[in-house]
Amino acid sequence: MSFFSFELDPALAADPVFDLHRRGKMTMSATVPLASRDDLSLAYTPGVARVCEAIAEDESLYPDYTWTANTVAVVTDGSAVLGLGNIGPKAAMPVMEGKSVLFKQFGGVDSIPLCLDTQDVEGIIAAVKAMAPSFGGINLEDISAPRCFEIERRLDAELDIPVFHDDQHGTAVVTLAALRNAAKLLGRDFAGLRVVISGAGAAGVAITNTLIAAGVQGANVIVVDSRGIIHADRGDLSGAKAGLGAITNISGRTGGIAEALIGADVLVGVSGGTIDEEALAGMAPGAIIFALANPTPEVHPAVAHKYAAVVATGRSDFPNQINNVLAFPGIFRGALDVRATTITDAMKVAAADAIAAIVTDDLRPEAIVPSPLDPRVAPAVAAAVAAAAVRDGVARRTPAPAPAQARQPV
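Just so you know, full-length UniProt numbering puts 49 at position 49 of the sequence shown, and the rest follows in order with no gaps.
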């Protein structure tokens, strides 16, 4: 039996999800003709040798004459895949393929899914560094906390191309965009919002840092993990959580989620747990609730609407989907277009502001962020990110008049 002639379980064969995923969701295509001897001599030997020699003499030519200027590696170890947990690299591949097709569809960015058969921090770092010359950027995906913080920090410091952990920063960017618009809609002072973040993993840490970088006062932010409110005097904190303890909850509030929510204007759930309705009752009137766990939000929207004027989830079947696809294609498009060496906080904030601006003229409680399918999003984000990269001095070229486009398959 050949590889492609295997028989599926009849129940799976009748499932449209499995039908769509069969043989994967992506392929590779040549962008140059290979129909004649002349074509071969230009695309491969002997012509290719001239390009190799030129790059060997001047490595700055490398992005101009290879695919790297428009190609990102989507890297995972399968340790924190969606809401499925540590399912390993092979089971993670359908998600990474999906990420790659989203890159192409929404940002015109080529990408390759790479599922690593190691969950060792040093092994992942070494593998990505060894592969980095083949790519113009690295998108880390579905790597569990706290390991993801060290992996991203080290790779960002040691590589001269953008490294972006989407579970952290993609979520944070879209959350910031949504919160800016929710505050605007409700006439709230963004900087003065009292924010509770339920969850101190990859997304929770990044959202906290991004909101503070965007102007929310750290003193007014409370982060809650599985052991309760994070505060500077907790003796069990280390790493990223210790960092949160130093910049948030300056009043030193203690307790659990119910105590944290007393008087809060905003709840951002990225914990995967369930928050009791009694705890929500302690929030300030006309609150904002973002319950982002997938597939089951921390608070069902029907319950959240009892206490909140604006509600968002991570799901596509409710209004206000806070989805990373609003961020990462445009962020990488903009970073690649100016050949940025890194992705700065200012670039992330610029991306969030661009997303928020898309719905400025149609802002309402059920539309604080644009649809992931809105074609305006990625170009707007790319332009904002590219401009911010130039301002921050991390761009190696000025933005093109229009977003760069990859050569199309022949």
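All C-beta atoms in this analysis are idealised placements derived from N, C-alpha and C, irrespective of residue type, glycine included.
Which of helix, strand or coil DSSP assigns to residue i
| i | result |
| --- | --- |
| Ile161 | coil |
| Asp225 | strand |
| Ser198 | strand |
| Pro113 | strand |
| Phe290 | strand |
| Gln321 | strand |
| Met1 | The pLDDT assigned to Met1 is 37, lower than 50, so where the model puts this residue is not dependable, and the model offers no usable value. |
| Ala308 | strand |
| Tyr62 | helix |
| Met131 | helix |
| Ser29 | coil |
| Arg37 | helix |
| Asn249 | coil |
| Met283 | coil |
| Gly243 | helix |
| Arg180 | helix |
| Asp19 | helix |
| Asp156 | helix |
| Ser238 | coil |
| Gly24 | coil |
| Arg397 | coil |
| Ala402 | With a pLDDT of 45 at Ala402, under the threshold of 50, the modelled position of that residue is not reliable, and no figure is offered here. |
Beta carbon of residue i nearer than 9 Å to that of residue j
| i | j | result |
| --- | --- | --- |
| Gly83 | Gly272 | yes |
| residue 411 | Val266 | One cannot answer for residue 411 here, as it falls past the ends of the chain, which runs 1 to 410. |
| Ile212 | Ala260 | no |
| Gly330 | Ala378 | yes |
| Ala312 | Gln321 | yes |
| Asn323 | Pro372 | yes |
| Ala177 | Ala346 | no |
| Ile250 | Ala219 | yes |
| Ala80 | Ile151 | no |
| Ala291 | Asn181 | no |
| Leu61 | Val173 | no |
| Arg188 | Ala264 | no |
| Met26 | Glu97 | yes |
| Ala92 | Asp77 | yes |
| Val310 | Ile288 | yes |
| Ala183 | Phe149 | no |
| Thr175 | Val268 | yes |
| Arg315 | Arg397 | no |
| Ile112 | Val163 | no |
| Ala132 | Leu114 | no |
| Leu185 | Arg364 | yes |
| His21 | Pro89 | no |
| Tyr44 | Ile55 | no |
| Pro399 | Asp337 | yes |
Cα-Cα separation, residue i to residue j
| i | j | result |
| --- | --- | --- |
| Asp15 | Ala246 | 50 Å |
| Asp167 | Ala145 | 10 Å |
| Ala49 | Ser41 | 10 Å |
| Pro63 | Thr31 | 16 Å |
| Gly282 | Thr296 | 22 Å |
| Ala206 | Thr171 | 8 Å |
| Val75 | Leu140 | 5 Å |
| Ser100 | Thr254 | 42 Å |
| Asp361 | Phe190 | 19 Å |
| Gly192 | Pro33 | 59 Å |
| Ser134 | Ile368 | 38 Å |
| Arg154 | Gly252 | 32 Å |
| Arg147 | Val121 | 7 Å |
| Pro401 | Gln105 | The predicted model places Pro401 with a pLDDT of 49, which falls under 50 and marks its position as unreliable; any figure quoted below should be read in that light. For Pro401 and Gln105, the distance between alpha carbons rounds to 21 Å. |
| Phe332 | Ala383 | 11 Å |
| Val299 | Lys306 | 11 Å |
| residue 413 | Gly137 | This structure cannot settle anything about residue 413, because the visible part of the chain is limited to 1 through 410. |
| Ala350 | Val128 | 27 Å |
| Pro285 | Ala157 | 44 Å |
| Leu237 | Gly393 | 35 Å |
| residue 435 | Gly108 | It is not possible to answer for residue 435, since the shown part of the chain is limited to 1 through 410. |
| Gln119 | Gly239 | 19 Å |
| His165 | Ile343 | 11 Å |
| Asn70 | Ala335 | 10 Å |
| Met24 | Phe18 | According to the sequence displayed, residue 24 carries Gly and not Met. Distance between the alpha carbons of Gly24 and Phe18: 10 Å. |
| Asp276 | Ala293 | 15 Å |
Opposing strand residues paired with residue i [DSSP bridges]
| i | result |
| --- | --- |
| Ala140 | Residue identity differs from the one stated: residue 140 is Leu in this sequence, not Ala. According to DSSP, which records beta bridges pairwise, Leu140 is partnered with Val75, His165. |
| Thr296 | Note: Thr296 sits in no beta bridge, so no partner. |
| Val81 | Gly85 |
| Thr313 | Ala291, Gln321 |
| Gly269 | Ser198, Ala291 |
Notebook entry, point to check: Going along the chain, which unbroken runs of the alpha helix (DSSP H) with 4 or more residues stay wholly within the region 349-394?
Noted result: 377-391
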